[in-house]
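Residue numbers (our numbering): -6 to 285. We put the beta carbon where it would ideally sit given N, CA and C, even for glycine. The structure displayed is predicted, hence computed values, not measured ones.
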C-alpha cells in the first residue's frame, strides 16, 4: 500500500501564492504610485513656497528679467517680467488644484443628491429631472463657460462656479445609474420590507453604497477640470493675470517661446503630471472596485 505524505497536502503550491503576492504588489503599486505623486503635488504647491522661502509670484523686477536656469535664488530662473518661475509654478498649481477640488466637490455634492433622489423617487419626478439634465448636457459647456467668464469677468470664483454648474448633470446621471443598481439589491428590499422609512433607506442603505462610485467619478473628473481650467486660463477667461495658473503661464510663455522655451515646458509638465496621476488613480480605483 502506497504511503501518502500528508505534508504535501497541507503545503500550498508556490504558483498560486506567487500569483496572489504579485496581484497584491501590483494593486499597491498602481494605486499607491499615482496617489503618492498627487500627495507630493499638493505638498509642493501648498507648502513648498513657504518651506523654500520663495519670493512672491508677482511683482518681480524687470532688472531680473529672463534669468537662466540655476540662478542663485531662482532655481528655475525668472520670466520676462522678472518673476520667479518656481514660485509662479507652485502658486499656479495651488489655483489649478483648488479649482479641480472645488468643482468636483460641488458637482458630486449637488449632482449626487439630484441623481440619487431622481432614481429613488422614480415616476414622473424622475422623468422631469432627467429631461432637465438632458437639456443642460445638450448645451456646449465650454462655449457657455467662456460666455459666463466674459459676462462676470475672469476670476477664480467665476471659473469654479461655471465649471461646477456644467459638471452637475454628468455626475447626476452617474449617481442615478448607481442608485438604480443599488436599489434593486436584496439588502435594500429587505430594509423596505422591514418597515424602514424611505428617507432612512436612502440615507443609510443606498447612499453609503453609491458614495464610493461618486468618489471614483470625481477622481476621473479632476484631470478633466484641470485641463479645462488650463484651457480657459490660456484663452484669458480663467484665472486672470498676473495671478499665476498653469494655463496662463503656458499662454504667457508661448509669446516668447523661441527665446525662453522653458517658460512653457515647466507648467506643461506640471499639468501633464497632475492630469496623468489623477486619471491613473481614478481608473485603477475603478478597476479595484469592479474586481471586488
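Within-9 Å CB hit, residue i to chain D
i: residue 81; result: Among the protein chains of the structure shown there is no chain D, as only one such chain exists.
Unbroken alpha helix (DSSP H) run spanning residue i, endpoints
i: residue 159; result: 149 to 176
i: residue 109; result: 105 to 114
i: residue 231; result: From DSSP, residue 231 is part of no alpha helix (DSSP H); its letter is neither H nor E.
i: residue 89; result: 78 to 99
i: residue 137; result: 134 to 145
i: residue 243; result: 239 to 247
i: residue 180; result: 179 to 186
i: residue 71; result: Unbroken run through residue 71: none, as it is neither H nor E.
Proximity below 9 Å, CB of residue i to CB of residue j
i: residue 238; j: residue 30; result: no
i: residue 147; j: residue 90; result: no
i: residue 75; j: residue 54; result: yes
i: residue 129; j: residue 161; result: yes
i: residue 165; j: residue 206; result: no
i: residue 210; j: residue 115; result: no
i: residue 219; j: residue 152; result: no
i: residue 199; j: residue 113; result: yes
i: residue 26; j: residue 273; result: yes
i: residue 134; j: residue 123; result: no
i: residue 126; j: residue 107; result: yes
i: residue 145; j: residue 87; result: no
i: residue 208; j: residue 101; result: yes
i: residue 356; j: residue 236; result: Nothing can be reported for residue 356, as the shown portion of the chain is limited to -6 through 285.
i: residue 223; j: residue 266; result: no
i: residue 92; j: residue 33; result: no
Contacts around residue i, its chain only, beta-carbon distance under 8 Å, and the 5 residues preceding and following it disregarded
i: residue 69; result: 62, 77, 78, 79, 82, 255 and 259
i: residue 1; result: Residue placement at residue 1 cannot be trusted, given a pLDDT of 49 that sits under 50; what the coordinates show is reported in the next sentence. Within the same chain, residue 1 has no close Cβ partners at all.
i: residue 203; result: 105, 109, 168, 171, 172 and 175
i: residue 324; result: Outside the shown range of the chain (-6 to 285) lies residue 324, about which nothing can therefore be said.
i: residue 35; result: 90
i: residue 221; result: 135, 138 and 156
Residues of its chain near residue i, where Cβ-Cβ distance is below 7 Å and the 5 sequence neighbours each way are ignored
i: residue 250; result: 257
i: residue 278; result: 24, 209 and 212
i: residue 261; result: 243
i: residue 268; result: 216, 219 and 220
i: residue 56; result: 75
i: residue 119; result: 111 and 112
Residues near residue i by beta carbon distance below 6 Å, same chain, minus five either side
i: residue 117; result: none
i: residue 132; result: none
i: residue -6; result: For residue -6, the predicted structure reports a pLDDT of 49, less than 50, and the residue's modelled location is therefore unreliable. A value from the coordinates is still provided. Here the set comprises nothing.
i: residue 138; result: 155
i: residue 230; result: 139, 142 and 147
i: residue 67; result: 60 and 77
i: residue 246; result: 256 and 257
i: residue 48; result: 77 and 80
Beta-bridge pairing of residue i - partner residues as DSSP gives them
i: residue 198; result: Residue 198 is not bridged to any residue.
i: residue 64; result: 67
Check: residue i C-beta below 8 Å from any heavy atom of the ligand SAM
i: residue 195; result: Absence of the ligand SAM from the depicted structure is noted, as is the absence of any ligand whatsoever, leaving it without description.
### Query
Counting pairs of Cβ atoms below 8 Å between the stretch 175 to 195 and the stretch 142 to 160, do you hit three or more?
The stretch 175 to 195 vs the stretch 142 to 160: no contact.
### Message
Measuring CB atoms only, is the stretch 82 to 100 touching the stretch 238 to 256, in the sense that at least three cross pairs come out at less than 8 Å?
### Response
yes
### Task
Specify whether the stretch 87 to 101 and the stretch 213 to 224 touch according to this definition: at least 3 beta carbon pairs, one from each stretch, less than 8 Å apart.
Result yes; three or more Cβ-Cβ pairs closer than 8 Å.
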